[in-house]
Amino acid sequence: MSGNISETDADSEFPSGPRPGNRETTFFDDPVKDHLLRALVTVTMELSVTRDRLASLETLLVDEGSISIDILNSHMPDLATAQAREAERSKLIQDVLGPLVKRLAQAD
Amino acid sequence: MKEKFGFAPNTDEASRQAFVASLKKFVNFDVEAQLADLFDNQLVSAANSPPANRDEAAALLEPHPLYQLWSSLTFHSQNLMWDAVQTTTDRTIEDQVESYRALSQSPDCKGSVSLSDKLCVKAPVATTEIHRQPGGYWREKRSDDIEAALNYSGTVDLYRNAKGMGMGAKPSADAIGQFVAAIARKYAPDLEPRSVLDMGCGTGEQTLAYKRAFPDANVTGIDVARPFIRFAHGLAESEGMAIDFAEMDAGATAFDDESFDLIVSIIMFHETTKAQVHDIMRECWRLIRPGGLVLHLDVPYQPDRMPLVKQVTNNWQVRHNGEPFWSGFADLDMKEEAIKAGFAPDSAFATYEGQGPAIYHFFGGRKPS
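As you go down the protein sequences, you meet chains A and B in turn. The opening position of the first sequence corresponds to residue 0 in numbering that gives the first Met the number 0, with each subsequent residue numbered one higher. The opening position of the second sequence corresponds to residue 0 in numbering that gives the first Met the number 0, with each subsequent residue numbered one higher.
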């Protein structure tokens, strides 16, 4: 570990800041608004990531002649694939809404 | 096969990090512009008397839903940023530590790394998670750890984009160090430094710029955060550059008097304290050779340059984003601090210089030849 850690500094009086590890400070009159906003932003981020990946995938596959856009647009998954995707969807919903449910279930 | 040394996101991780940068840019520019418009054209005119200072401006802004939205988005964008870079770090850290060991133990090593068990890390770096980086700068999780620096280095590009600096041609990784070197040449055109000290060198990315700008000079980087000093050493070695790094406090170094011709730092001072500012400036005066230049860069948020609404949002960073000395630093007269440290009034300076859309505060002085 690094040498010694000084917890105080005689000439420094810092304004109160976030405690280490604080990830849940809220700013709206109703904290639910903060959590819903954050859930929405996180979902938007994952949508953006997915769009980027799909665009890369389609470009590569079309460029290499592996697929045509028409076939891709009419494709339907088989049963096993559909079930796997359902599990992924459930996990996504849990990831998005789970933290909100968990936070609201906690006593303040 | 070891990965290339440094932060290396895969496709999805890079997309996620790019999103966070875009989100931060939206909050920093679009939402803050709306906030300024709201303040100037609605809140001030509706107030009984115009706000005279930051606290009065904050009292007008804080109850408004748009300010609360800005606060919540800014806070969450920081959470998302650290989550996004941590994913890359978690996937790559063991290979990166192996790469560091291989580089630092190689017989072809050109520079050096020196660690000190006697170093005392001071507040706020010791006590605050600066920028709310989980674990802060100095904590270690494993032998030869570089994790804190790897995480931090993943945010550098992201911050550049968030500050509107990612437009057009992508700047080189050491662009800000090149900028400091150019300002050094502008302020001291006759100076050909034989030795350069980079204080608070962090990941060392910018330290490389000084070696590139002054290839014949001995370049040394110091920092109090051990994972960063290791990372900086690994980065320099991976680039084949002879730079010495040491775990050292800029306010109490182990160097002899008058050891350097050029002493620089980049955004270090606002992560210290008033007492440390005095110590560091005095140390600069002690270490600089006659004819040498001390040149520090930091944030340009001095209150006389900032509209009230920006002072309020900057102070929010102090309270909620792990920037405890941001406002305290901005309140200091750094030319006066240089003079107190020993520099003559006609050689001490505190100025502003621009690089693209960004403006930086420069301060320091020259010691007479």
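Even glycine gets a Cβ: it sits at the ideal position worked out from N, Cα and C. Quick caveat: nothing in here was measured; it's all calculated off a predicted structure.
Go to residue i, then tell me how far its beta strand (DSSP E) extends in each direction, as first and last residue.
i, result
"residue 198 (chain B)", "194-198"
"residue 265 (chain B)", "259-265"
"residue 354 (chain B)", "348-354"
Using the beta-carbon of each residue, which ones in chain B are nearer than 8 angstroms to residue i?
i, result
"residue 98 (chain A)", "Correct list: empty, because the minimum Cβ distance to chain B is about 11 angstroms."
"residue 36 (chain A)", "68, 71, 72 and 75"
"residue 25 (chain A)", "71"
"residue 73 (chain A)", "Simply none; closest approach about 26 angstroms."
"residue 55 (chain A)", "10"
What are the boundary residues of the alpha helix (DSSP H) that residue i is part of?
i, result
"residue 7 (chain B)", "That residue, residue 7 (chain B), is in no alpha helix (DSSP H); it is neither H nor E in DSSP."
"residue 84 (chain B)", "64-103"
"residue 368 (chain B)", "Note, residue 368 (chain B): premise wrong, no alpha helix (DSSP H); not H, not E."
"residue 314 (chain B)", "307-319"
Would you mind telling me which residues of chain A sit closer than 8 angstroms to residue i, beta carbon to beta carbon, in chain order?
i, result
"residue 14 (chain B)", "47, 48, 51 and 52"
"residue 369 (chain B)", "Residue 369 (chain B) lies beyond the residue range present for chain B, which begins at 0 and ends at 368; the question has no answer from this structure."
"residue 219 (chain B)", "Residues of chain A passing the Cβ test: none, with the nearest at roughly 19 angstroms."
"residue 65 (chain B)", "Going along chain A, no residue has its Cβ under 8 angstroms from residue 65 (chain B), so there is no contact; the nearest lies around 11 angstroms."
"residue 18 (chain B)", "43, 44, 47 and 48"
"residue 331 (chain B)", "Within 8 angstroms Cβ-Cβ: nothing; residue 331 (chain B) doesn't reach chain A, min ~13 angstroms."
Using DSSP with H/G/I as helix, E/B as strand and the rest coil, what is residue i?
i, result
"residue 298 (chain B)", "coil"
"residue 289 (chain B)", "strand"
"residue 360 (chain B)", "strand"
"residue 41 (chain A)", "helix"
"residue 324 (chain B)", "coil"
"residue 18 (chain A)", "coil"
"residue 46 (chain B)", "coil"
"residue 38 (chain B)", "helix"
"residue 268 (chain B)", "helix"
"residue 243 (chain B)", "strand"
"residue 54 (chain B)", "helix"
"residue 337 (chain B)", "helix"
"residue 251 (chain B)", "strand"
"residue 69 (chain A)", "helix"
"residue 75 (chain A)", "coil"
"residue 331 (chain B)", "coil"
"residue 344 (chain B)", "coil"
"residue 97 (chain A)", "helix"
"residue 108 (chain B)", "coil"
"residue 24 (chain A)", "coil"
"residue 138 (chain A)", "Limits of chain A in this structure are 0 at one end and 107 at the other, which puts residue 138 (chain A) out of reach."
"residue 62 (chain A)", "helix"
"residue 57 (chain A)", "helix"
"residue 49 (chain A)", "helix"
"residue 403 (chain B)", "The shown model of chain B, from 0 to 368, leaves out residue 403 (chain B), and the question about it has no answer."
"residue 202 (chain B)", "coil"
"residue 303 (chain B)", "helix"
"residue 28 (chain B)", "helix"
"residue 278 (chain B)", "helix"
"residue 29 (chain A)", "coil"
To the nearest whole angstrom, what separates the beta carbons of residue i and residue j, a pair I think is in contact under 8 angstroms?
i, j, result
"residue 279 (chain B)", "residue 250 (chain B)", "5 angstroms"
"residue 71 (chain B)", "residue 36 (chain A)", "5 angstroms"
"residue 209 (chain B)", "residue 235 (chain B)", "About 11 angstroms separates the two Cβ atoms, so there is no contact after all."
"residue 65 (chain B)", "residue 33 (chain B)", "6 angstroms"
"residue 99 (chain B)", "residue 225 (chain B)", "So it is not a contact: roughly 12 angstroms between Cβ atoms."
"residue 445 (chain B)", "residue 265 (chain B)", "Since the displayed chain B opens at 0 and closes at 368, residue 445 (chain B) lies outside it and no answer follows."
"residue 198 (chain B)", "residue 221 (chain B)", "6 angstroms"
"residue 365 (chain B)", "residue 292 (chain B)", "5 angstroms"
"residue 41 (chain A)", "residue 79 (chain B)", "7 angstroms"
"residue 19 (chain B)", "residue 69 (chain B)", "Going by Cβ atoms, the distance from residue 19 (chain B) to residue 69 (chain B) rounds to 16 angstroms, so no, they are not a contact pair."
"residue 302 (chain B)", "residue 35 (chain B)", "Contact flag wrong, Cβ pair sits at about 16 angstroms."
"residue 342 (chain B)", "residue 350 (chain B)", "Contact doesn't hold; Cβ gap of about 14 angstroms is too wide."
List the residues of chain A that residue i touches, going by C-beta distances under 7 angstroms, in chain order.
i, result
"residue 78 (chain B)", "22"
"residue 128 (chain B)", "19"
"residue 11 (chain B)", "48 and 52"
"residue 59 (chain B)", "What residue 59 (chain B) touches in chain A: nothing, since even the nearest Cβ is about 16 angstroms away."
Using the beta-carbon of each residue, which ones in chain B are nearer than 7 angstroms to residue i?
i, result
"residue 58 (chain A)", "Those within 7 angstroms of residue 58 (chain A) in chain B number zero; the least Cβ separation is about 12 angstroms."
"residue 33 (chain A)", "71"
Would you mind telling me which residues of chain B sit closer than 9 angstroms to residue i, beta carbon to beta carbon, in chain order?
i, result
"residue 95 (chain A)", "Within chain B, no residue comes near residue 95 (chain A); the closest Cβ sits about 13 angstroms away, beyond 9 angstroms."
> What runs of the beta strand (DSSP E), each 3 residues or longer, lie entirely inside the stretch 110-191 of chain B?
Replying inline: 111-113
> For the stretch 204-241 of chain B, which segments carrying the alpha helix (DSSP H) assignment without a break, of at least 4 residues, lie completely within its bounds, in sequence order?
Replying inline: 206-212 and 225-237
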